[in-house]
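Undergrad:
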């Protein structure tokens with residue numbers, strides 16, 4: 001398969017993730033969609049790395065994984081806290097701050 | 001690139017990987033701040049609860065002050081203009097100016113964060129939750145409050161955030177910039193949720209900031225991936241060289257630049273990526289709002305300047321029209337929506353959005369004067385905004401801060417000094433002559449006119465006039481309406497008072513005698529950013 005197909009897949013995954021963030025209501029699912037976007041990015045990095053014949057893109061993918069893991073820790077902590085307070089993880093219920 | 005090709009060659013021969021060369025002295029301020037953050041985590045683990053506050057505050061102060069002195073020495077002694085750490089970080093005049101600004105502003109924010117308050121009028125115990133894990137309104141929360149606990153994790157978290165902020169404008173490649181962005185943002189997400197009072201609002205602010213922040217950094221990263229695909233490198237100088245050569249796929253380049261800009265403009269709070277700002281500024285504990293409104297803004301604009309002045313300078317005929325649009329939208333929307341606000345923190349958030357628009361006119365200029373004007377504006381605005389948020393922390397009633405505008409009615413009759421100082425900060429935001437706001441706006445608008453962006457400046461001046469309306473409205477409410485019978489009281493802790501005094505002094509000095517700092521900014525930008 002040509003690398004172009006992987007790039008197309010990565011763009012599709014990124015779009016699915018971005019749409020998911022916009023339409024889903026559960027904070028956990030929204031967050032999973034963000035993770036999907038990051039993984040789509042990893043796929044793009046690795047594919048470009050292959051196309052350029054370098055290792056850089058593959059190394060960058062490792063950095064992204066580490067940062068994404070750190071983000072999961074912080075994100076789940078915040079979502080857990082608000083779930084315990086409100087007994088709901090819907091992003092539509094958190095509506096005290098507006099206008 | 002040379003290092004990675006060396007690595008590939010060494011691997012192919014089965015030899016050892018050459019160790020990277022790190023200039024520890026040149027990147028010392030960042031290392032010091034991050035080191036203090038790690039030390040702060042160890043203090044949390046090993047020092048008893050009663051002693052933690054007494055240990056955390058001095059090491060945080062010493063760390064920030066030490067990093068500031070180090071930055072000054074770096075700039076003063078060797079006037080550096082080179083890259084460090086195998087080209088990952090740039091050490092040059094503009095970067096050192098930005099880092100120095102961030103460190104001073106962080107020191108003043110630390111005064112607010114460290115404030116413990118006296119026992120009066122709902123001010124006791126400082127601004128942060130006794131125990132973040134205890135549910136709001138639960139018995140556990142009551143017990144931890146009665147026991148006089150205070151969360152001291154805020155200090156290491158703040159130091160990590162400041163470390164990321166120092167790294168963000170210094171990053172010379174997109175990967176370092178992404179890591180710095182996350183090191184800066186992740187602690188801020190947590191800090192937003194730690195307010196002592198109105199905890200539901202605070203937690204909601206944390207969730208909103210986190211989800212939107214993670215969303216925008218995914219855009220930033222996908223933009224970096226496309227630019228990597230375009231140029232075969234994430235280094236800003238290599239991307240610039242590839243654009244000059246006019247080789248490679250233009251689709252990848254333009255899509256990459258667009259996605260990268262989304263991530264950067266989100267951090268700066270430019271319209272249409274500003275939706276998080278009012279909610280987060282209102283919900284977060286006010287000292288953290290002060291930190292975000294000053295240091296994060298400086299850092300975000302530092303990174304924007306570096307990306308647009310170094311990597312994309314040769315592409316400026318393509319991105320300038322878009323930046324014009326964003327700048328105009330930001331100035332106009334910030335100023336107009338602010339008129340309808342009734343909460344002071346929210347009002348200052350919209351004012352901060354409008355200021356981000358004014359700052360973008362300096363970015364659009366893409367000239368030396370544009371760079372130095374933006375640097376000066378950032379420093380001037382940072383001091384004023386910390387001062388203004390510090391005043392908001394002082395006006396309290398039984399439930400904590402009285403941030404609603406109606407509660408401030410007649411404050412000028414009850415505490416003329418506090419109301420007068422706040423009025424002065426508002427006039428500085430509006431850009432009245434003899435305040436730092438005027439000098440800053442003059443500097444960026446002049447640079448924009450020189451580069452032919454006169455229509456932009458006209459819009460800027462008009463939206464300044466619109467903005468002046470709501471600043472003056474607050475002053476009218478404070479001085480020309482009758483005080484309520486059960487109005488809020490002014491509680492001034494020593495550290496908060498010191499922060500207000502420093503903000504006030506800087507606003508006056510930069511307005512009346514701006515020349516030394518203007519010269520410093522001009523001097524720092526002689527050679528622009530290192531490539």
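Chains as they are written, first to last, in the UniProt record's numbering: chain D, 1 to 99; chain X, 1 to 531.
We treat Cβ as the ideally placed atom computed from N, Cα and C, and that holds for glycine.
1. Would you mind working out which of 86/X, 71/X, 48/X sits nearest residue 532/X, comparing C-alpha positions?
2. Quick one: list the residues of chain X neighbouring residue 75/D, beta-carbon separation under 7 Å, in chain order.
3. Using a Cβ cut-off of 7 Å (strictly closer), state whether residue 5/D contacts chain X.
4. Counting only runs that start and end within the stretch 200 to 272 of chain X, where is the alpha helix (DSSP H) found for 4 or more residues in a row?
5. For residue 532/X, is the classification buried or exposed, using 16 other Cβ atoms within 10 angstroms of its Cβ as the cut-off for buried?
6. Distance cutoff 7 Å, beta carbons only. Does residue 15/D sit that close to anything in chain X?
7. Considering only the alpha carbon of each residue, which of 363/X, 83/X, 426/X, 176/X lies closest to residue 59/D?
8. According to DSSP, simplified to helix, strand and coil, what is residue 39/D?
9. Judging by CA-CA distance, which residue of 106/X, 31/X, 28/X is the nearest neighbour of residue 554/X?
10. On the CB-based measure, 16 or more other CB atoms within 10 Å of its CB, does residue 95/D come out buried or exposed?
11. Out of 129/X, 479/X, 351/X, state which residue places its alpha-carbon closest to the alpha-carbon of residue 146/X.
12. Apart from the five residues on each side of it in sequence, which residues of its chain come closer than 8 Å, Cβ to Cβ, to residue 168/X?
13. Indicate the three-state DSSP secondary structure (helix, strand or coil) for residue 404/X in the structure shown.
14. Compare the C-beta of residue 523/X against all C-beta atoms of chain D and say whether one is closer than 7 Å.
15. Using a cut-off of 8 Å between C-beta atoms, extract the partners of residue 205/X located in chain D.
16. For chain X, find out if any of its Cβ atoms is closer than 7 Å to the Cβ of residue 80/D; answer yes or no.
17. Quick one, which of 91/X, 38/X, 335/X, 290/X has its alpha-carbon nearest residue 462/X's?
18. Residue 21/D versus chain X: which residues are under 8 Å apart at the beta carbon?
19. DSSP state of residue 435/X, grouped into three classes?
20. Measure the CB-CB distance between residue 40/X and residue 56/X and report whether it falls below 7 Å.
21. Hey, quick one: how far does the beta strand (DSSP E) through residue 148/X stretch, first residue to last?
22. When you compare the stretch 487 to 496 of chain X with the stretch 273 to 285 of chain X, are there three or more beta-carbon pairs, one atom per stretch, that lie closer than 8 Å?
23. Distance, Cα to Cα, residue 80/D vs residue 101/X?
24. To the nearest angstrom, how far is it from the Cα of residue 529/X to the Cα of residue 365/X?
25. Check distances from the C-beta atoms of the stretch 346 to 358 of chain X to those of chain D and list, in chain order, the residues that come in under 9 Å.
26. Under the three-state reduction of DSSP, which class applies to residue 49/D: helix, strand or coil?
27. Among 274/X, 97/X, 54/X, which has the Cα closest to the Cα of residue 518/X?
28. Please find out if some non-hydrogen atom of the ligand ATP comes closer than 6 Å to the beta-carbon of residue 426/X.
29. Expressed to the nearest angstrom, what Euclidean distance is found between the alpha-carbon atoms of residue 113/X and residue 38/X?
30. Would you list, in sequence order, the uninterrupted alpha helix (DSSP H) runs of no fewer than 4 residues that lie entirely inside the stretch 346 to 433 of chain X?
31. What number of angstroms, rounded off, separates the C-alpha of residue 255/X from the C-alpha of residue 498/X?
32. Measure from the alpha carbon of residue 409/X to the alpha carbon of each residue in 378/X, 443/X, 368/X, 476/X, then state which is nearest.
33. Cutting at 6 Å between CB atoms, please list the residues of its own chain near residue 75/D, excluding the five before and the five after it.
34. Could you confirm whether any beta carbon from chain D is found closer than 7 Å to the beta carbon of residue 151/X?
35. Buried or exposed, going by whether 16 or more other CB atoms sit within 10 Å of the CB of residue 123/X?
36. If you measure from the beta carbon of residue 120/X to each beta carbon in chain D, is any gap under 7 Å?
TA: Looking at the coordinates:
1. Past the boundaries of the shown model lies residue 532/X; chain X is included only from 1 to 531, so the question cannot be answered.
2. In the first chain, residue 75/D corresponds to position 75, counting from 1. Those are 210, 214, listed as they occur along chain X.
3. Along the first chain, one-based indexing puts residue 5/D at 5. For residue 5/D, the answer is no, since every Cβ of chain X falls outside 7 Å of its Cβ.
4. 236 to 245, 250 to 268
5. The shown model of chain X, from 1 to 531, leaves out residue 532/X, and the question about it has no answer.
6. Numbered from 1 along the first chain, position 15 holds the residue referred to as residue 15/D. With 7 Å as the cut-off, residue 15/D does not count as an interface residue toward chain X.
7. As a position in the first chain, residue 59/D is number 59, starting the count at 1. A check of alpha carbon separations from residue 59/D across 363/X, 83/X, 426/X, 176/X identifies 176/X as the nearest.
8. As a position in the first chain, residue 39/D is number 39, starting the count at 1. In this structure, residue 39/D counts as helix in the three-state DSSP scheme.
9. It is not possible to answer for residue 554/X, since the shown part of chain X is limited to 1 through 531.
10. Stepping through the first chain from its first residue, residue 95/D is reached at position 95. Answer is exposed; the Cβ neighbour count stays below 16.
11. Translated into the one-based positions of the second chain, residue 146/X becomes position 146. Nearest neighbour of residue 146/X by Cα position, chosen from 129/X, 479/X, 351/X, turns out to be 129/X.
12. To locate residue 168/X, count along the second chain from 1; it is residue 168. Cβ within range, chain order: 177, 180, 181, 184, 299, 300, 302, 303.
13. The count along the second chain starts at 1 and reaches residue 404/X at position 404. Strand at residue 404/X.
14. In the second chain, counting from the first residue as 1, residue 523/X sits at position 523. Not one chain D Cβ lies under 7 Å of residue 523/X.
15. Sequence index remark: in the second chain, residue 205/X carries index 205 (1-based). The contacting residues are 97.
16. Stepping through the first chain from its first residue, residue 80/D is reached at position 80. Chain X, which has no Cβ nearer than 7 Å to the Cβ of residue 80/D, makes this no.
17. Along the second chain, read from residue 1 onward, the residue named residue 462/X stands at position 462. Nearest of 91/X, 38/X, 335/X, 290/X to residue 462/X, Cα basis: 335/X.
18. Here the question's residue 21/D lines up with position 21 in the first chain. Under the 8 Å cutoff, chain X gives 211, 215.
19. As a working note, residue 435/X is residue 435 in the second chain. It is coil, neither helix nor strand.
20. Residue mapping note: residue 40/X aligns to position 40 of the second chain, counting from 1. Residue mapping note: residue 56/X aligns to position 56 of the second chain, counting from 1. Cβ distance < 7 Å, so residue 40/X and residue 56/X count as in contact.
21. Looking up residue 148/X in the second chain gives position 148. From DSSP, residue 148/X is part of no beta strand (DSSP E); its letter is neither H nor E.
22. Output reads no: the stretch 273 to 285 of chain X does not touch the stretch 487 to 496 of chain X.
23. Counting from one through the first chain, the residue named residue 80/D turns up at place 80. Counting from one through the second chain, the residue named residue 101/X turns up at place 101. So the two alpha carbons sit approximately 36 Å from each other.
24. For the purposes of this step, residue 529/X is taken as the residue at position 529 of the second chain. For the purposes of this step, residue 365/X is taken as the residue at position 365 of the second chain. Roughly 15 Å separates the two Cα atoms.
25. 346
26. Within the first chain, numbered from 1, the residue matching residue 49/D stands at position 49. Looking at residue 49/D - three-state DSSP - the assignment turns out to be helix.
27. Taking the first residue of the second chain as position 1, residue 518/X is located at position 518. Residue 97/X is the option with its Cα nearest to residue 518/X.
28. You won't find the ligand ATP in this model; it holds no ligand whatsoever.
29. To locate residue 113/X, count along the second chain from 1; it is residue 113. To locate residue 38/X, count along the second chain from 1; it is residue 38. Rounded to the nearest angstrom, the two C-alpha atoms are 19 Å apart.
30. Taken in chain order, the whole alpha helix (DSSP H) runs of length 4 or more contained in the stretch 346 to 433 of chain X are 368 to 394, 411 to 414, 416 to 430.
31. The count along the second chain starts at 1 and reaches residue 255/X at position 255. The count along the second chain starts at 1 and reaches residue 498/X at position 498. Whole-angstrom Cα-Cα distance: 47 Å.
32. For the purposes of this step, residue 409/X is taken as residue 409 along the second chain, with counting starting at 1. Of the residues 378/X, 443/X, 368/X, 476/X, the one whose Cα lies closest to the Cα of residue 409/X is 476/X.
33. As a first step, residue 75/D is located in the first chain; it is residue number 75 there, counting from the start. Counting only Cβ-Cβ distances below 6 Å, and skipping sequence neighbours, we find 31.
34. Here residue 151/X is taken as the residue at index 151 of the second chain, counted from 1. No, no contact with chain D.
35. As a position in the second chain, residue 123/X is number 123, starting the count at 1. Bear in mind that a pLDDT of 49 at residue 123/X, under 50, signals an unreliable position, so the model cannot answer this.
36. As a first step, residue 120/X is located in the second chain; it is residue number 120 there, counting from the start. With a pLDDT of only 47 at residue 120/X, under the threshold of 50, the placement of this residue in the model should not be trusted; the figure read from the coordinates follows. It does not: the Cβ of residue 120/X has no partner Cβ on chain D nearer than 7 Å.
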